[in-house]
Every structure is written in C-alpha cells, then in structure tokens.
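Chains A and B, in that order, give the protein sequences. According to our numbering, the first sequence is numbered sequentially starting from 7. According to our numbering, the second sequence is numbered sequentially starting from 7. Heads up, the beta-carbon is just placed ideally off N, CA and C, and yes, glycines get one too. From a predicted model like this one, the values you see are computed outputs, not experimental measurements. Down below is the structure, laid out as structure tokens.
2 protein chains.
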Amino acid sequence: MAWYDGPMRSYGQYCALAKALDVVGDRWTLLVVRELLLRGPCRYTDLRHGLPGIATNLLVDRLRQLEHAGVVSREDAPPPVATGLFRLTSRGEQLEPVLHQLGRWGGPLLRERARDDAFRTHWLGLPARLHLKDHAPDRPPVAIELRTGDEPLVIETLEGTVRTRSGSAPNADAVLTGTPRLIVGVLTGKIDLAAARKAGLKYKGDPETLRRVQPRAVTRA
Amino acid sequence: MAWYDGPMRSYGQYCALAKALDVVGDRWTLLVVRELLLRGPCRYTDLRHGLPGIATNLLVDRLRQLEHAGVVSREDAPPPVATGLFRLTSRGEQLEPVLHQLGRWGGPLLRERARDDAFRTHWLGLPARLHLKDHAPDRPPVAIELRTGDEPLVIETLEGTVRTRSGSAPNADAVLTGTPRLIVGVLTGKIDLAAARKAGLKYKGDPETLRRVQPRAVTRA
DNA sequence: CAGCATCCGCTTTGATACTG
DNA sequence: CAGTATCAAAGCGGATGCTG
C-alpha cells in the first residue's frame, strides 16, 4: 500500500457529486480510468501510450492519487518480469457507468476529426461497449476485428453483450478497416455499409455478423 | 449570444469521453450544472449560494464557457426585473444521467460529515431523484418536505417518478427534520424510521407515505 | 528502456477588494 | 445584485536527468 501525501484539494461540500469529483474530477484522472477500463491491467508505458499529451509526472501523480483513493491498485509483478502492473479495483470498475454516460454525452462532439487530434484504436472500445450488444446469444460467438492504424481491436460476443480487447483475431468473422468515424458509423448503423464502402471503408466478412451486434431501434441504457 | 474568447484547452484526443471532458471537465463546471439541474433557472446570486467556495470570477468564467458550449443559456430578464436568468439548454439537461452516475458512485464517500463541509438542503434533490420513485402512481400524489437548516426542499410524486423543488409544501403528507445523513438514510431505507428517530430525526406524517417512494429490492438505473 | 523525480515557465484557480 | 480587477498560490505541460 503506497502512500500519498500531496495536497488533497476538496470542494468541501457534503454532496455525493462533489465528493466524487474530489476523487475523479482532476484533469486527466478519468482518462486514466478509461485506459485501465478499456485495456485492462496496464504497465506505466502502456498508459502513457494511451494518454498522448499527458506529462510524465502528472501520470505518476494521478496513479498515486487513484491508488490512495482505492480506485487503482498497483501490483509489482512477479520476479520473471520486473515491471509493475496497474489495474482498477472493483471500486474503480464501478466507474464504468460514469464513463459510459459521459461518452454518450460526448458522442455528438465527434464530428470531423481535427488535424491534431490524437487517436488510438483501443478507444473504439468505448463506443463498442456503449452501443453494441449480441442479439443472438444462442448462436456461436463471433469476433470482429477493427483496424485503423495502430494495433487492431477485437470485439467479441459474450452472453448477449460484447467484450473488446486489443490484439488481433486470427479468424475473425468480420474485419473493418478505415477511419474511426467510418468504423463507428457502420458499427452503430448510422452509416450503411454501401455508403461507408464508397467513402473508403474496407469490409471483409458476412454483413450478417455486423447486424448481429448493431443497435436495434430503441436501445436501453 | 455572448462571446467567449478564453483559451480553449483541449485534450486533443479523438474520443467521446475526452471531448466531453473538454467541455465539462474543468473544476466547478459540473457543480454549476448540478445547481441548474436541481434548482432550475437561477440568478447569478442563487448560483453563488449553491456553490459555496467558488470564486466569483470563476463562476462567471464557467457560465460563459458553458454558454459558449451550448449547455447553458442566459436570458436577460424582461424589463420589470433587471436580473438575468441562467438555465440549462436541452443539451445541458442531457447531462442528468452523467450527474446521476457520478452521484451514485460518490454516495459511499458520504460517511460522517466533515466539520467544514458546507451543505445546502436542495442538494438532497440528487439522492432523491436517484433513489426514489413513486410506487403507487394511481393514488393521489403526495408531497414530502425535508428540513435541515436552510430553506426546505419538497419531494413530489409525479407519474411514477418524483420531482423536487426548493420551497415548502403547505400541507405536506410528511415532514422530515434532521441531519442530511439521517434524512437520506431514512428516505433510501438504509436506516429504519425508529432508529432514525432515536438518533434525532423528527418525522411527521403517515409512515406509509415514506414507503410509497422508498427504493424496493433491486432498483434499475 | 521502464519508471519515475526535478526544474521551469505558463496557465488556472482562489481570495479579496472594488464598481456600476 | 451582478459582476470586474487584481494578485498570490497552486496546478499543469514540457523538457531533462536520474536510476535500476
């Protein structure tokens, strides 16, 4: 259990929202949680890669604060590999609905990608978890691979929901290659496949795979 | 349409969460939204009162940023009263689920009240909206008044849900007087009425009124 | 190289005082 | 009442240096 002495700035309000923001309201904090949520246990360097723009000392600070708050736990890895791992505690995982709601609210802000906006493929895991579900849980599971520059992301069906992981699926049922906007548009059904192809998206596989996970009509929370 | 030129600091990440935080991630911003959500349209001074600890210039800054982002609209009131009103736009109201999830996550952080924690009665509207619902929408509506120091808060049943407003209910079906912790404990059913009374809570009215809105077994989002 | 710590210039925040 | 103005302190971003 590492210690943290830094200044614990608080709003000093007896209100659940204010107390939550005391813990996760600082700059970068929720983005650190995003990384751990989307990628699972991470090394320091993985986190840095997923958080382009963060200063190294800030990342260290945030990790310590989160550890102190019981949101993150650090695990100095076993002897073979000499590298530590950061992971969300169960308390930290409970932030998932918060990130989902914020992500949902922020969706409309993603119009055209600014020239200097950074991007990492695994960030697609957020809209995937948010919008997709497996509509045919009784059929054999499927995997969809997304490629848009750096390391691919895999979406897998699991008991009616979907999971995501970085990496590649040797025999994916579908592979989408293209810009983030096109990929998300197609996955969520906002852009139909033919139009997306005309706009430059590459789709390999049975379109039925896509329909299996796309949102239908009204989607619940 | 007021202008805003301040520095638009951005994470520069093509991710819905990061874009949301570009808009509402600054210090105090979500608390300003809380005030407008719980109290409805507010004058500058009301906001200040509901945000103990904020610096006046910061409040002005935040309001301008939020206005610029389309979350808040300012309405220079009609001639009679020379005071402006701030209100959430519909885009701003869509932040409600975000505040609810953050509030839900922050709930466990509200143990004993720190000596210098500020409190405003209308903040009880957050747990009320979060945990309570009307389980008997067919029966005539009821009102519950909460008193804990400053101006009371009224909880009213409405079509299966509850609404809250500052003020007092002339003929409330129930009146709770006591500390915030006791009141929330009783409303959510975590503390039973007898125990709360022993701890200092005053309850006036039919206990059935309470049961009508208290959470039952598993509550949905 | 992974995992920090330190230093420095800039920006944001906080506290208070002041004004129409 | 509804803000501006001012200024000190804290936080942040970027660069660089240290240590195993």
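Check whether chain B comes within 7 Å of Gln107/A, counting only Cβ atoms and requiring the distance to be less than that.
yes
Candidates Arg145/B, Asp52/B, Leu159/B, Ile60/B: closest to Tyr17/A by CA position
Ile60/B
Would you please state the rounded distance, in angstroms, between the beta carbons of Ala178/B and Val160/B? I believe it to be under 8 Å.
7 Å
With a cut-off of 7 Å, does the C-beta of Lys196/B fall near any C-beta of chain A?
no
Measure from the alpha carbon of Leu91/A to the alpha carbon of each residue in Pro114/A, Pro103/A, Arg45/A, then state which is nearest.
Arg45/A
DSSP-derived helix/strand/coil call for Arg217/B
helix
If we ignore side chains and look at the alpha-carbon of each, how far apart do Thr89/A and Val78/A end up?
16 Å
How should Pro133/B be labelled, buried or exposed, when 16 other C-beta atoms within 10 angstroms of its C-beta is the threshold for buried?
buried
Any idea what DSSP makes of Asp212/A, helix, strand or coil?
coil
Gly90/A: first and last residue of the uninterrupted beta strand (DSSP E) it sits in
90-94
To which residues of the same chain is Thr35/B closer than 6 Å at the C-beta, ignoring the five residues directly before and after it?
Arg68
Which one of Thr215/A, Gln19/A, Ala22/A has the shortest CA to CA distance from Pro143/A?
Thr215/A
For Pro58/B, which residues of its own chain have a beta-carbon under 6 Å away from its beta-carbon, when the five flanking residues on both sides are left out?
Ala124
For Glu41/B, the nearest candidate out of Arg33/B, His55/B, Gly31/B (CA to CA)
His55/B
Here's a check: name, in chain order, each residue in its chain whose Cβ is nearer than 8 Å to the Cβ of Gly155/A, leaving out the five neighbours to either side.
Phe125, Thr127
Limits of the beta strand (DSSP E) - the one that Ala180/B falls within
180-183
Quick check: is the beta carbon of Ala1/A nearer than 7 Å to any beta carbon in chain B?
Any question about residue 1/A goes unanswered here, given that chain A covers just 7 to 227.
Is the CB-CB distance between Val168/B and Leu130/B below 7 Å?
no
With 7 Å set as the bound, which would you pick, yes or no: does the beta-carbon of Gln71/A sit closer than that to a beta-carbon of chain B?
no
In chain order, which alpha helix (DSSP H) runs of at least 4 residues are fully inside the region 98-143 of chain B?
102-112, 131-137
Using only the alpha-carbon positions, how far apart do Glu73/B and Tyr50/A sit?
38 Å
Against chain B: residues of the region 97-126 of chain A by CB proximity under 7 Å
Gln100, Leu101, Pro103, Val104, Leu105, Gln107, Leu108, Gly109, Trp111, Gly112, Gly113, Leu115, Leu116, Arg119, Asp122, Asp123, Ala124, Phe125
Would you kindly work out how many angstroms separate the C-alpha atoms of Leu231/A and Arg110/B, rounded to a whole number?
The structure shown does not extend to residue 231/A, since chain A is modelled only from 7 through 227, so no value can be given for it.
Beta-carbon separation (whole angstroms), Gly112/A vs Lys25/B, contact threshold 8 Å:
4 Å
Simplified DSSP assignment, three categories, for Ala202/B:
helix
Can you tell which of Pro221/B, Pro103/B, Gln19/B, Leu188/B has its C-alpha closest to the C-alpha of Leu116/A?
Gln19/B
Cβ neighbours of Ala75/B in the same chain (closer than 7 Å, five flanking residues each side left out):
Val29
Straight-line Cα distance separating Arg203/B from Met14/B
51 Å
Kindly say whether Met7/B, judged by its beta-carbon, lies nearer than 7 Å to any beta-carbon of chain A.
Model confidence at Met7/B stands at a pLDDT of 49, short of 50, so the residue's coordinates are unreliable; what they give is reported in the following sentence. For Met7/B, the answer is no, since every Cβ of chain A falls outside 7 Å of its Cβ.
Buried/exposed call for Gly31/A, threshold 16 Cβ in 10 Å
buried
Cβ atoms of Leu105/A and Leu23/B: under 7 Å apart, would you say?
yes
Classify Glu4/A as helix, strand or coil using the three-state DSSP reduction.
This structure cannot settle anything about residue 4/A, because the visible part of chain A is limited to 7 through 227.
I need the straight-line Cα distance from Met7/A to Cys48/A, nearest angstrom please.
Per-residue confidence for Met7/A stands at a pLDDT of 48, beneath the threshold of 50, marking its modelled position as unreliable; the derived number appears in the next sentence. Computed Cα separation, rounded: 18 Å.
With a cut-off of 8 Å on the beta carbons, I'd call Leu43/B and Leu94/B a contact; round off their distance for me.
6 Å
Which partner residues does Gln19/A have in the DSSP bridge list?
Ala124/B
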